[in-house]
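Asker: The numbering of the sequence shown is the numbering used here, which starts it at 287 and goes up by one. Heads up, the beta-carbon is just placed ideally off N, CA and C, and yes, glycines get one too. This is the structure, below, for whatever I ask next.
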Amino acid sequence: MATNPNASPRLSNHESTWKPQQSGWLRDFALIRNVPSPYSPAQVDTYLDKIGWPAQAANQQRVQPNPETLQRLMYLHLLAFPQDTSALHYTQDHHMPVTPQELYQSMVLDHRGSYCFGQNWLLLGMLRALGFRAYAAAGRVVQPGSAPATSVYTAVHHLVLLVQPYYLRSTFAGITYMIDVGFGGTGPIRLLLLADGSNGDKQFVVEDDGEGQSVPRSNAAPTHEWHLQVSHASARPGAHSTAERPEWTTLYSFSEAEFFQADVDAGSFAVSRMPGSFFLTTIICTRRFPVDSLAPEDEEEVSAREGEKADVPLPDTEPFVGKWSLEGGRATKRIGARIVEERRFYTEEARLGILRDVFGVGVRHEDGQWIAGWPSALSQSTARALWL
287 MATNPNASPR LSNHESTWKP QQSGWLRDFA LIRNVPSPYS PAQVDTYLDK IGWPAQAANQ
347 QRVQPNPETL QRLMYLHLLA FPQDTSALHY TQDHHMPVTP QELYQSMVLD HRGSYCFGQN
407 WLLLGMLRAL GFRAYAAAGR VVQPGSAPAT SVYTAVHHLV LLVQPYYLRS TFAGITYMID
467 VGFGGTGPIR LLLLADGSNG DKQFVVEDDG EGQSVPRSNA APTHEWHLQV SHASARPGAH
527 STAERPEWTT LYSFSEAEFF QADVDAGSFA VSRMPGSFFL TTIICTRRFP VDSLAPEDEE
587 EVSAREGEKA DVPLPDTEPF VGKWSLEGGR ATKRIGARIV EERRFYTEEA RLGILRDVFG
647 VGVRHEDGQW IAGWPSALSQ STARALWL
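Put into structure tokens, the structure is as follows:
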């Protein structure tokens, strides 16, 4: 998959017999209730300081719920917290925190990141404390095949947030956005209006003849669910033919059903400890950073996207972002599709140093002892073999 972190995203609803009653609303015009936050005012202020919210407005009473504020909070959260599974590999209990107070300690105070369950669960608690009406919904990540018909929707092991950023008495109280700060380098960096963003000839549809399934088409996209789709190639202004238009890839689906703490606990345990899980065998770490200036080829790409119709009726005010990614025995720095820097490592000590110095993860030299015997452990011989 292409690695451009600024790829154009859209939402699509694939079930042909059901359409939202009104674009941007939950089904049946449902309104999200205000729910108490698990975080204290002092904890929220510390979080706002951590993500770089302006000091003069750090007090949560000055954070006004609206789409612009929600977009800014999402963007700053993405920059502040890396997508990071080091806690699973470099701690004595090999545990990924997912309860509110565990997450606050680990991410806000101890300078670690998390994956979807931790990232979005922490943000949900903070949004509720700041007056946003929001809840968590579950998703299924798509494992791409050689063709759309062979793609597989995994178990319900992803988490997104659905947010209504306007006050409950507002005319726009039911307007709903999807945000996701936990999908790594290919995830969205802006909120998306809960509206079908596909057009007639570019809608992604899963085809399946049902062979080998107990129920015909049982591996097709679940009905009444939304699908996050991404294009890494923008259409140029004036493009009319199919060949000139971008191709869309489905990253995951999600429903509007609410996920609770017990669901998060079970989902996180499954993906982090299930035999054969990718999270067991690989240390994942991605950190985004703002880019002040772009190469000419990247400027052309951004200009093309600015001419496209956005899913969110907001100006694109946030800076372009690049990303650092941990990949096997190296760390790569990317801006757009270009690798602008690469650092290789061959020992656990070197990997810990890169996690700490490049990704900002709060690991210590002595944490290397806890990875011994794990499939993700990096010996000097195996690391060098990656590059022979």
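Would you mind stating whether L365 and P576 have Cβ atoms separated by less than 8 Å?
Answerer: Yes; because the gap between Cβ atoms is below 8 Å, this pair is in contact.
Asker: I'd like to know whether the C-beta atoms of L480 and T462 end up nearer to each other than 8 Å.
Answerer: Taking 8 Å as the Cβ cut-off, L480 and T462 qualify as a contacting pair.
Asker: Tell me whether R296, by its Cβ, gets closer than 7 Å to a heavy atom of the ligand MN.
Answerer: No copy of the ligand MN appears in this structure; indeed no ligand is present at all.
Asker: Classify H363 as buried or exposed, calling it buried when 16 or more other Cβ atoms lie within 10 Å of its own Cβ.
Answerer: Classification of H363: buried, given that the 10 Å Cβ count is 16 or more.
Asker: As a quick exercise: from Q515, Q547, R476, pick the residue whose alpha carbon is nearest that of D482.
Answerer: That would be Q515, whose Cα lies nearest to the Cα of D482.
Asker: Helix, strand or coil: how does DSSP classify V321 here?
Answerer: If DSSP states are grouped into helix, strand and coil, V321 belongs with coil.
Asker: If you measure between the beta carbons of R426 and Y538, is that distance less than 8 Å?
Answerer: A contact, by the Cβ cut-off of 8 Å.
Asker: What do you reckon, are the CB atoms on G399 and Q369 nearer than 8 Å?
Answerer: Yes, they are a contact pair.
Asker: Which residues mark the beginning and the end of the alpha helix (DSSP H) in which Y361 is found?
Answerer: From DSSP, the alpha helix (DSSP H) with Y361 extends over 353-366.
Asker: Can you check whether the CB of Q391 is closer than 8 Å to the CB of W656?
Answerer: Not closer than 8 Å, so no.
Asker: Measure the alpha-carbon distance for A623 versus K609 and round it to whole angstroms.
Answerer: Between A623 and K609, the C-alpha separation is close to 10 Å.
Asker: Would V449 and L312 qualify as a contact pair, given that the criterion is a beta-carbon distance under 8 Å?
Answerer: Against a cut-off of 8 Å, the Cβ pair of L312 and V449 comes out as no contact.
Asker: Using a Cβ-Cβ distance under 8 Å, would Y632 count as near chain B?
Answerer: This model lacks chain B altogether; it includes just one protein chain.
Asker: Could you tell me which of D578, L389, R296 sits nearest to T472, measuring between CA atoms?
Answerer: Measuring from the Cα of T472, the nearest candidate turns out to be R296.
Asker: In angstroms with no decimal places, state the Cα-to-Cα distance between S500 and V438.
Answerer: Note that S500 scores a pLDDT of 47, beneath 50, so its modelled location is shaky; the value from the coordinates is reported in the next line. In a straight line, the C-alpha of S500 is about 15 Å away from that of V438.
Asker: If you reduce the DSSP assignment to three classes, tell me which class Q515 lands in.
Answerer: Reduced to three states, the DSSP call for Q515 is strand.
Asker: Quick check on DSSP: helix, strand or coil for H651?
Answerer: Helix.
Asker: So V557 packs on H443, CB below 8 Å; how close in whole Å?
Answerer: Correct: roughly 5 Å between the Cβ atoms.
Asker: Starting from A422, follow its DSSP beta bridges and name the residues at the other end.
Answerer: DSSP output for A422 lists L447, F545 as bridge partner(s).
Asker: Report the partner residues of F575 according to the DSSP bridge assignment.
Answerer: Beta-bridge pairing links F575 to G608.
Asker: Whole angstroms is fine: what's the gap from T572's alpha carbon to L664's?
Answerer: In a straight line, the C-alpha of T572 is about 18 Å away from that of L664.
Asker: Tell me the rounded alpha-carbon separation between L674 and S372.
Answerer: Only weak support is given to the placement of L674: the predicted model assigns it a pLDDT of 47, under 50, and the value that follows is read from those uncertain coordinates. Their Cα atoms are separated by approximately 26 Å.
Asker: What are the boundary residues of the beta strand (DSSP E) that includes Y463?
Answerer: First-last of the beta strand (DSSP E) with Y463: 463-465.
Asker: Can the beta-carbon of H513 be found closer than 8 Å to that of S309?
Answerer: No, the Cβ-Cβ distance between H513 and S309 is not below 8 Å.
Asker: Expressed to the nearest angstrom, what Euclidean distance is found between the alpha-carbon atoms of V626 and S456?
Answerer: C-alpha separation (whole angstroms): 47 Å.
Asker: DSSP three-state label for I475, please.
Answerer: It is coil, neither helix nor strand.
Asker: Taking all protein chains shown into account, decide if H651 is buried (16 or more other Cβ within 10 angstroms of its Cβ) or exposed.
Answerer: The residue in question, H651, is exposed, as its Cβ has fewer than 16 Cβ neighbours within 10 Å.
Asker: Cutting at 6 Å between CB atoms, please list the residues of its own chain near P351, excluding the five before and the five after it.
Answerer: Correct list, in chain order: G417, F418, P451.
Asker: Using the Cβ count rule (16 or more neighbours within 10 Å means buried), how would you classify L659?
Answerer: For clarity, residue 659 is Gly in the given sequence; the question names Leu instead. Under this definition G659 is an exposed residue.
Asker: In whole angstroms, what separates the C-alpha of A423 from that of N406?
Answerer: Roughly 10 Å separates the two Cα atoms.
Asker: To the nearest angstrom, how far is the alpha carbon of F367 from that of H397?
Answerer: Going from the Cα of F367 to the Cα of H397 covers about 8 Å.
Asker: The beta strand (DSSP E) with A636 in it runs from where to where?
Answerer: That residue, A636, is in no beta strand (DSSP E); its alpha helix (DSSP H) goes 634-643.
Asker: For E618, I'd like the list of residues in its chain whose CB is within less than 6 Å of its CB, leaving aside the five on either flank, ordered along the chain.
Answerer: Before going further, note that residue 618 is Thr rather than Glu in the sequence given. Closer than 6 Å at the Cβ level, and outside the excluded window around T618, lie S611, I625, E628.
Asker: Terminal residues of the continuous beta strand (DSSP E) containing I625?
Answerer: Looking at the DSSP string, the run of the beta strand (DSSP E) that includes I625 is 624-630.
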